[in-house]
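What follows is a set of notes on a single structure, which appears directly below.
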Amino acid sequence: MTEVSFYHLQRQPLSQALPKLLERALAAGHRAVVLAGSQERVEALDNTLWVYDPDSFLPHGTARAGFAEQQPIYLTTEDENPNQASLLVLIDGMEPADISAYARCLDLFDGNDQAAVDAARLRWKKYKDAGHQVTYWQQKPGGGWEKKG
17 MTEVSFYHLQ RQPLSQALPK LLERALAAGH RAVVLAGSQE RVEALDNTLW
67 VYDPDSFLPH GTARAGFAEQ QPIYLTTEDE NPNQASLLVL IDGMEPADIS
117 AYARCLDLFD GNDQAAVDAA RLRWKKYKDA GHQVTYWQQK PGGGWEKKG
């Protein structure tokens, strides 16, 4: 079963939290697929990952950039895994058909949006009922993460 970690974004926006989580994923040897809700979001994240830290580099790509199978991090709106990723990152409330093809799944949701929180609770129940190992992480005041459940 897939290990699903819910990340409750409260103190930082996605554009600040996601790059740090992806850095940790790459350092742990994971390839990642980031499943976004719109092409505009993919383009915004593509730009963010290029400029978020001048002293760092997060290798990534999109369908527009090509070479999907070679990308350590692949940003997409499609339910696909062209880079044979072991990590799926869900944003914008996305729900793929099946997460069990991945070892890990990170579900990032906006804690300042009640509809997003309610939808995350439904996904939590769905994944737990399906037998996946589910954990909950909350942002600490400094921006780090604390496991709460």
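17 is the number of the first residue of the sequence shown in this note's numbering; add one for each residue after it.
The beta-carbon is built from N, C-alpha and C at its ideal position, and this holds for glycine as well.
Residue nearest to residue i in terms of C-alpha spacing, selected from the options
i, options, result
"N97", "L34, H148, V49 and F22", "V49"
"Q55", "S31, R80, A33 and L34", "R80"
"H148", "A119, F125, K156 and E39", "A119"
"Q86", "P157, F73 and Q100", "Q100"
"L37", "G109, A60, Y68 and M17", "Y68"
"S72", "F83, V105 and P35", "P35"
Inter-residue spacing [alpha-carbon to alpha-carbon] between residue i and residue j
i, j, result
"I115", "A131", "22 Å"
"R57", "G159", "22 Å"
"R27", "A33", "9 Å"
"I89", "A113", "20 Å"
"T151", "M110", "18 Å"
CB-CB length for residue i against residue j, believed under 8 Å
i, j, result
"L124", "L65", "Contact doesn't hold; Cβ gap of about 14 Å is too wide."
"Q154", "K164", "5 Å"
Strand pairing of residue i, partner residues [DSSP]
i, result
"Q32", "None, per the DSSP bridge assignment."
(request) Say whether the stretch 141-149 touches the stretch 39-46, bearing in mind that this needs 3 or more beta-carbon pairs closer than 8 Å, one atom from each stretch. (result) no
(message) Would you call the stretch 52-66 in contact with the stretch 86-100, where contact means no fewer than 3 C-beta pairs closer than 8 Å?
(response) yes
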